[in-house]
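Heads up: the structure comes next, in structure tokens.
Protein chains: 2
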Amino acid sequence: MENFTFYSPTFFAFGKDTENDAGKYVKRFGGSKVLIHYGGGSVVRSGLLDRVKKSLEEAGISFVTLGGVKPNPRSGLVYDGIELCRKEKVDFVLAVGGGSVIDSSKAIAAGTIYDGDFWDFYTGKRIEEALPIGTILTIAAAGSEGSPDSVITKEEGMFKRGASGDAIRPKFSILNPALTQTLPAYQTAAGITDIMAHLHERYLTNSKDVEVTDRLIEGLLLTMIHEGPRVIENPDNYEARANIMWAGMMAHNNSCGVGRSQDWNSHNIEHELSALYDCAHGAGLAVTMPAVFKYVYKHDVSRFAKLATRVWGCQMDFDDPERTALEGIAALENFLKSIGMPLNFAELGAKEEDIPTLVKALCYGDGRTGSISGFVTLDEEDCTKIYKMMI
Amino acid sequence: MENFTFYSPTFFAFGKDTENDAGKYVKRFGGSKVLIHYGGGSVVRSGLLDRVKKSLEEAGISFVTLGGVKPNPRSGLVYDGIELCRKEKVDFVLAVGGGSVIDSSKAIAAGTIYDGDFWDFYTGKRIEEALPIGTILTIAAAGSEGSPDSVITKEEGMFKRGASGDAIRPKFSILNPALTQTLPAYQTAAGITDIMAHLHERYLTNSKDVEVTDRLIEGLLLTMIHEGPRVIENPDNYEARANIMWAGMMAHNNSCGVGRSQDWNSHNIEHELSALYDCAHGAGLAVTMPAVFKYVYKHDVSRFAKLATRVWGCQMDFDDPERTALEGIAALENFLKSIGMPLNFAELGAKEEDIPTLVKALCYGDGRTGSISGFVTLDEEDCTKIYKMMI
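Residue numbers (our numbering), protein chains in the order written: chain A, 63 to 453; chain B, 63 to 453.
Dropping the structure here:
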């Protein structure tokens with residue numbers, strides 16, 4: 063195991079009706095003038111926004127609102143949010159929504175008290191200071207509710223980039239599984255896929271002797287495999303949604319990823335898809351993961367065989383471990399298909415002729431010089447082959 | 063899953079040589095005058111205490127020291143520590159040792175700024191304020207490095223009682239697995255047993271639909287079963303100790319115990335043993351757990367069968383699930399025996415004739431009125447039978 067530090071100071075309130083305590087928690091963590099940041103109409107239609115406003119009013123906290131966050135959140139709205147926060151002297155940002163809303167909130171929280179262009183943080187500058195952030199999560203997926211990360215897309219060039227820093231870890235996150243019950247099945251499944259991707263990105267490691275984190279990741283994957291179909295079958299299954307919601311947080315607060323190298327090549331390869339086609343991140347990952355895994359599994363057949371046997375219940379083929387490894391990847395594909403995820407370019411709305419564009423953005427964007435690194439280093443040729451495997 | 067809150071704000075620095083950063087972390091978390099609290103001679107003999115002092119000096123932090131913490135830490139030394147902290151105007155308590163040292167440090171940190179008798183916190187008063195605490199852990203066992211709990215024994219009557227509060231969560235904890243390599247095998251095994259007990263106490267629940275925490279607990283138990291024998295076989299196995307050390311923290315910071323009722327009857331039943339005989343807590347738990355589980359397994363055969371199949375690799379006997387449940391408990395017993403733990407009163411140094419004394423203290427101490435509650439409520443008769451099963 064490698065040396066590491068771990069710090070996850072977010073206060074979590076989990077369960078039914080917990081959103082009604084939003085005002086109490088904003089107060090506890092020092093907010094007096096809040097920006098409520100949210101996405102589209104569902105937060106309004108469901109009455110959630112009104113309940114949150116009521117909770118803040120009852121706690122004597124004033125607020126302004128900014129809606130309109132889209133999936134794959136854009137820099138334009140972040141600039142608007144920063145301007146609004148400065149003008150209104152906002153001292154706390156409350157995200158009401160999913161990963162996109164939370165990531166946009168994190169960008170606004172950091173950008174408001176930064177002299178330069180907030181995009182600096184998304185091109186390598188670490189975030190050291192930000193307004194305090196709280197979240198009310200409406201989809202189990204991104205894990206942003208317990209992470210120090212944010213991903214934003216810049217409209218000019220559609221660059222999708224990440225920023226990081228303990229300062230943008232939420233002070234509190236409210237997780238009420240019931241709020242996710244109204245999600246369309248496709249979004250629920252995309253969220254499940256995103257969570258499983260966060261686990262796979264950590265599982266694919268070159269570090270040795272990492273049994274404890276292996277076992278934690280496997281346990282969370284087993285949970286997703288058990289609970290995912292339950293919630294697709296019955297969207298109102300609160301208990302299944304609750305298990306998925308806590309798994310989503312645990313999958314990404316890094317308690318199961320410490321002390322080991324991680325991959326993130328599937329995420330990098332997918333980011334170009336959702337940047338270009340504006341598809342759901344989880345759907346892009348469903349197309350990306352099996353292709354990447356089939357391309358790289360020979361790098362460590364034993365690890366893929368372990369995943370296949372421990373997580374997918376495959377029988378170990380001791381004469382031919384590669385067969386077991388591939389059986390595990392096939393089981394993942396079947397699972398993703400069974401919950402309604404796309405598995406190829408056509409189903410995702412991606413086009414073969416865009417592959418050179420995707421590869422160029424992937425291998426040369428974000429300061430890269432011809433390759434991406436992770437579990438395996440992949441150059442232009444590798445990435446081209448991987449995208450072609452998705453056709 | 064039940065509603066819950068979760069808050070684990072401790073900063074963890076994990077790995078080789080991390081103790082040399084003690085000064086840096088004390089400074090980061092606001093300490094300028096430190097009490098270094100420790101136990102016996104090993105911390106001195108190994109040179110650890112000197113390295114810690116050097117690190118504080120290099121960071122310009124002054125300190126006083128108080129050694130002498132014993133296993134099952136006593137109230138007498140806590141009073142001494144409180145007096146010393148007040149006299150020397152200490153503003154930070156640094157625990158260098160295992161769970162006993164950390165628990166004693168927590169009591170001192172809370173007691174120093176409290177007007178009344180610190181023992182109030184151990185008879186029901188919640189700890190709301192304390193001096194900040196840091197820890198340098200020297201044994202993987204108690205999980206106190208990441209928990210809001212402390213257990214102290216009062217000399218008068220040898221009452222062993224717990225206190226709790228977020229204020230005594232360590233600000234930082236330094237976990238260097240190499241520091242545990244010099245531990246005697248018996249202490250290492252007792253630590254392993256304590257960690258496994260923390261997992262079992264959470265696993266035995268009456269809450270339904272808790273797959274995610276079930277799977278996390280199972281993953282940590284599987285880790286202990288894999289890594290425990292490796293470290294007993296070779297005490298210098300850094301990697302095995304590293305896996306155990308992180309598992310020990312994760313087992314007790316409650317991320318795998320949220321949203322479910324928990325047991326803690328084994329701990330309560332054991333506490334009377336270590337209070338009376340001053341045995342190692344982990345050794346007491348090795349004697350206690352199998353007896354308790356054999357006494358209560360019929361309350362939920364399915365749960366014990368799940369534990370047996372998922373964790374101990376037993377084949378499910380679909381015609382006779384009770385057999386599977388008991389097979390799992392037998393596997394636990396065999397495991398504990400294999401790492402050198404005692405399994406009965408004689409091996410522990412306990413005496414049959416003390417059972418009435420133990421039961422009285424257990425069922426009527428600490429404000430109880432004739433029973434203890436958890437997975438199953440156990441009255442005097444039950445507890446007598448359980449202690450007799452340990453003979």
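Where is the CB? At the ideal position from N, CA and C, for every residue including glycine.
- Distance from the CA of B/T431 to the CA of B/T67, rounded to the nearest whole angstrom, comes to 29 Å.
- In this structure, the alpha-carbon of A/G186 lies about 42 Å from that of A/C376.
- Beta-bridge partners of B/F154 (DSSP): B/V96.
- In this structure, B/I201 places its C-beta atom within 9 Å of the C-beta atom of B/G159.
- Taking 9 Å as the threshold, the shortest C-beta distance from A/R136 to chain B does not fall below it.
- In this chain, the alpha helix (DSSP H) harbouring A/D444 covers E442 to M451.
- Taken atom to atom, the span from the alpha-carbon of A/E191 to that of B/N296 is near 46 Å.
- Using a Cβ-Cβ cut-off of 7 Å, B/S317 is close to M312 and S317 of chain A, given in chain order.
- The alpha-carbon separation between A/G178 and A/I144 amounts to approximately 12 Å.
- B/D298 sits in coil when the DSSP states are folded into three classes, being neither helix nor strand.
- Interface annotation, A/K89: not in contact with chain B, CB-CB separation never under 9 Å.
- Contact with chain B is absent for A/V114, since none of that chain's Cβ atoms lies less than 9 Å from the residue's Cβ.
- When DSSP reads this structure, B/K216 sits in a beta bridge with B/F221.
- The beta-carbon distance between B/D211 and B/G344, rounded to whole angstroms, is 16 Å. This is too long to meet the 8 Å contact definition.
- For A/H288, the closest Cβ of chain B is nearer than 9 Å.
- Under the Cβ distance rule, A/P239 counts among the residues neighbouring chain B, one pair being separated by less than 9 Å.
- Not one beta carbon of chain B lies nearer than 9 Å to the beta carbon of A/E395.
- Within the stretch 202 to 219 of chain B, no residue places its CB atom closer than 9 Å to a CB of chain A.
- Non-local C-beta neighbours of B/D271 in its own chain, meaning closer than 7 Å and more than five positions away in sequence, comprise M63, ordered along the chain.
- For B/G196, the uninterrupted beta strand (DSSP E) run begins and ends at I195 to L199, by DSSP.
- The beta carbon of A/R322 sits closer than 8 Å to the beta carbons of M63, E64, R264, T267, S269, V272 and T275 from its chain, once the five residues preceding and following it are set aside; these are given in chain order.
- When the beta-carbon positions are compared, A/F437 and A/N327 come within less than 9 Å of each other.
- CA-to-CA, the gap between B/L128 and B/L97 works out to about 7 Å.
- Looking from the CA of B/V293, the closest CA among B/D325, B/L261, B/A240 and B/L335 belongs to B/A240.
- For B/T285, the chain A residues whose Cβ falls inside 7 Å of its Cβ are E273, V274 and R277, in order along the chain.
- Counting of Cβ neighbours within 10 angstroms places A/N396 among the exposed residues, the total staying below 16.
- Every unbroken stretch of the alpha helix (DSSP H) spanning 4 or more residues and falling wholly within the stretch 300 to 373 of chain B is given here in chain order: 300 to 314, 327 to 339, 343 to 358 and 363 to 372.
- Within chain B, the residues placing a beta-carbon under 7 Å from that of A/S70 are S70, ordered along the chain.
- Rounded to the nearest whole angstrom, the CA to CA distance from B/K422 to B/H329 is 16 Å.
- Burial check for B/S364: the Cβ neighbour count within 10 Å stays below 16, so the residue is exposed.
- Rounded to whole angstroms, A/S400 and A/L394 show a C-alpha spacing of 10 Å.
- Interface annotation for the stretch 372 to 401 of chain B against chain A: empty, criterion Cβ-Cβ distance under 8 Å.
- Non-local C-beta neighbours of A/V126 in its own chain, meaning closer than 7 Å and more than five positions away in sequence, comprise L97, L146, E150 and V152, ordered along the chain.
- Shown here, A/L237 sits in a strand according to DSSP, grouped into three states.
- For A/E64, the C-beta contacts it makes with chain B under 8 Å involve G77, in order along the chain.
- One alpha carbon belongs to A/F74, the other to A/H314, and they sit about 14 Å apart.
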